[in-house]
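Enquirer:
Residue numbers (the UniProt record's numbering): 1 to 399.
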């Protein structure tokens with residue numbers, strides 16, 4: 001994210017002496033991407049950021065997946081993952097894996113408890129707030145979140161979630177970095193005029209969060225020889241001891257209400273709805289908007305075969321016309337795998353003729369490798385969505 005910010009106290013020149021009022025040196029830490037060759041920030045600590053006094057195995061929860069085989073479209077009812085009134089769940093340890101592959105993992109949680117301190121050392125996280133509000137405390141400072149926010153947390157950022165009441169959170173975990181699409185950016189990193197949002201819409205920490213403490217536990221998710229593993233670090237001093245930082249790498253929020261939809265004379269393809277890109281996946285937002293204005297336009301999507309990608313749609317608001325009659329509603333996720341032609345439910349095309357605007361809100365993830373089902377996704381698969389276009393299931397295949 002090439003957008004410079006400066007928060008708190010920093011020295012006039014990087015990599016030079018920076019002392020407190022008593023003459024003690026501050027400890028400079030570089031957080032940088034791609035081996036000193038991409039975006040970075042410099043943080044200035046009161047204590048040594050490397051000082052750990054304990055390290056033990058932490059099990060980060062069920063991370064296994066099963067193939068979508070035989071291949072078929074799926075409807076996953078995420079609101080059934082957590083019982084009504086269930087309490088004591090936090091955003092980190094309570095997260096259930098819904099879908100995943102080697103590039104991205106999608107999880108869901110309904111959290112009302114303060115999470116442990118946590119660091120994802122595998123990749124960036126983009127957490128969509130379906131509902132709720134609270135704060136995310138980070139080593140860079142505090143982020144306030146609310147319904148509709150995308151909360152983007154760079155890889156290896158120490159943080160914890162502090163919800164104010166229940167928060168429904170849809171977590172997209174990358175295997176690398178998540179950022180605005182390159183086509184939205186100038187060669188120097190500024191968001192361009194044709195981009196559907198700009199730097200004014202991004203909210204980062206405004207001041208340092210200074211916390212004192214000793215023997216502080218931080219859960220770290222990282223790679224191991226057997227896949228995704230976890231370690232519980234114990235730090236001699238609290239990691240939130242940063243008096244200031246500056247640079248272009250930091251956590252931030254972007255609210256979906258600030259996404260300016262791009263429309264056209266005929267139906268526009270999904271890339272116009274793109275918000276972020278990751279390694280081998282993209283994130284899009286379908287928001288309320290005016291639709292196609294050609295006199296013969298058909299506002300719902302045409303049928304399409306995603307030959308290079310799996311499409312995951314999370315329905316979070318409004319009335320999604322193309323899926324009427326399928327059982328999909330608020331809180332649903334549809335998985336349309338590459339190799340299957342999908343599109344509107346029967347009758348939706350004719351019903352959409354003459355419609356001038358749509359009231360829908362959905363978050364889409366397109367992946368460029370096949371997705372598998374996590375334990376959370378398997379638990380809430382409705383089992384019948386695949387047959388919704390035909391209205392029946394062929395029980396036996398004849399040869």
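We put the CB at the ideal spot given by N, CA and C, even for glycine.
Can you tell me where the alpha helix (DSSP H) with residue 115 in it begins and where it stops?
Expert: Premise fails: residue 115 is in no alpha helix (DSSP H) and is neither H nor E.
Enquirer: With three or more beta-carbon pairs closer than 8 Å as the criterion, would you say the stretch 217 to 224 touches the stretch 245 to 261?
Expert: Touching, no.
Enquirer: In the DSSP assignment, find the unbroken beta strand (DSSP E) run with residue 65 in it and report its ends.
Expert: Element bounds for residue 65: 65 to 67.
Enquirer: In this structure, does DSSP put residue 326 in helix, strand or coil?
Expert: DSSP places residue 326 in coil when its eight states are reduced to three.
Enquirer: Among the residues of its own chain, which have a CB less than 6 Å from the CB of residue 371, if the five just before and after it don't count?
Expert: The answer, listed in chain order, is 99, 101, 310.
Enquirer: From which residue to which residue does the alpha helix (DSSP H) around residue 364 run?
Expert: First-last for residue 364: 360 to 367, but that is the beta strand (DSSP E), not the alpha helix (DSSP H).
Enquirer: Just how far apart, CA to CA, sit residue 205 and residue 351?
Expert: Spanning the two alpha carbons is a distance of roughly 46 Å.
Enquirer: Taking the beta strand (DSSP E) that residue 236 falls in, what are its first and last residues?
Expert: 227 to 237 is the span of the beta strand (DSSP E), which, as asked, contains residue 236.
Enquirer: Closer than 7 Å by C-beta to residue 175: which residues in its own chain qualify, once you throw out the five before and the five after it? Chain order, please.
Expert: 102, 103, 104, 122, 123, 279, listed in sequence order.
Enquirer: For the alpha helix (DSSP H) that contains residue 377, what are its first and last residues?
Expert: Counting along the chain, the alpha helix (DSSP H) containing residue 377 begins and ends at 375 to 379.
Enquirer: Three or more C-beta pairs closer than 8 Å, one from the stretch 273 to 293 and one from the stretch 163 to 174: is that the case here?
Expert: The stretch 273 to 293 vs the stretch 163 to 174: in contact.
Enquirer: Could you spell out where the beta strand (DSSP E) holding residue 41 opens and where it closes?
Expert: Start and end: 40 to 45.
Enquirer: Are the stretch 110 to 117 and the stretch 141 to 150 touching by the rule of at least three beta carbon pairs closer than 8 Å?
Expert: The answer is no - the stretch 141 to 150 does not touch the stretch 110 to 117, with fewer than three Cβ pairs under 8 Å.
Enquirer: List the whole-angstrom C-beta distance separating residue 203 from residue 252, where the pair is believed to meet the contact cut-off of C-beta under 8 Å.
Expert: About 6 Å separates the two Cβ atoms, so the contact holds.
Enquirer: Residue 381 to residue 77, Cα distance in whole Å?
Expert: Distance between the alpha carbons of residue 381 and residue 77 is about 7 Å.
Enquirer: Would residue 362 and residue 345 qualify as a contact pair, given that the criterion is a beta-carbon distance under 8 Å?
Expert: No.
Enquirer: Do the CB positions of residue 364 and residue 240 come within less than 8 Å of each other?
Expert: No. Outside cutoff.
Enquirer: Return the bridge partner residues of residue 163 from the DSSP annotation.
Expert: Its beta-bridge partners are 134.
Enquirer: Output yes or no for whether 8 Å exceeds the beta carbon distance between residue 449 and residue 267.
Expert: Nothing in the structure corresponds to residue 449, since the chain is present only between 1 and 399.
Enquirer: Could you give the first and the last residue of the continuous beta strand (DSSP E) run that contains residue 277?
Expert: First-last of the beta strand (DSSP E) with residue 277: 274 to 278.
Enquirer: With a Cβ-Cβ cutoff of 8 Å, do residue 26 and residue 18 count as a contact?
Expert: Yes, the pair counts as a contact, with Cβ atoms nearer than the cut-off.
Enquirer: Using a beta-carbon distance below 8 Å, is residue 294 in contact with chain D?
Expert: Judged by its chain identifiers, the structure shown contains no chain D, having just a single protein chain.
Enquirer: Please state whether DSSP places residue 37 in a helix, a strand or coil.
Expert: In the structure shown, residue 37 sits in coil (DSSP, three-state: anything other than H, G, I, E or B).
Enquirer: How about residue 325 and residue 388: do their beta carbons lie closer than 8 Å?
Expert: Going by C-beta atoms, residue 325 is nearer than 8 Å to residue 388.
Enquirer: Would you say residue 111 and residue 31 are within 8 Å of each other, going by their C-beta atoms?
Expert: Contact flag unset, no.
Enquirer: Residue 96 and residue 376: beta carbons closer than 8 Å?
Expert: In this structure, residue 376 lies closer than 8 Å to residue 96 by Cβ.
Enquirer: Note down the Cα distance separating residue 386 from residue 335, rounded to an integer number of angstroms.
Expert: Taking the straight line joining both Cα atoms gives about 10 Å.
Enquirer: Let me know the secondary structure DSSP gives residue 308 once reduced to three states.
Expert: Three-state result, residue 308: coil.
Enquirer: Kindly list the residues whose CB is nearer than 7 Å to the CB of residue 349, restricted to its own chain and excluding five residues on each side of it in sequence; keep chain order.
Expert: Closer than 7 Å at Cβ, skipping near neighbours: 298, 300.
Enquirer: Does the Cβ of residue 74 have 16 or more other Cβ atoms within 10 Å, making it buried, or fewer, making it exposed?
Expert: Burial call: buried.
Enquirer: Inspect the beta-carbon positions of residue 150 and residue 254 and report whether they are closer than 8 Å.
Expert: The answer is yes: Cβ separation under 8 Å.
Enquirer: Kindly list the residues whose CB is nearer than 7 Å to the CB of residue 316, restricted to its own chain and excluding five residues on each side of it in sequence; keep chain order.
Expert: Correct list, in chain order: 130, 330, 361, 362, 363.
Enquirer: Using three-state DSSP, classify residue 355 as helix, strand or coil.
Expert: Coil at residue 355, not helix or strand.
Enquirer: Does the distance from the C-beta atom of residue 261 to that of residue 196 stay below 8 Å?
Expert: Cβ distance < 8 Å, so residue 261 and residue 196 count as in contact.
Enquirer: Using the Cα positions of residue 45 and residue 210, report the straight-line distance between them to the nearest angstrom.
Expert: One C-alpha to the other measures close to 10 Å.
Enquirer: Just checking my contact of residue 358 with residue 291 at CB under 8 Å: how many whole Å lie between their CB atoms?
Expert: Confirmed, Cβ separation roughly 6 Å.
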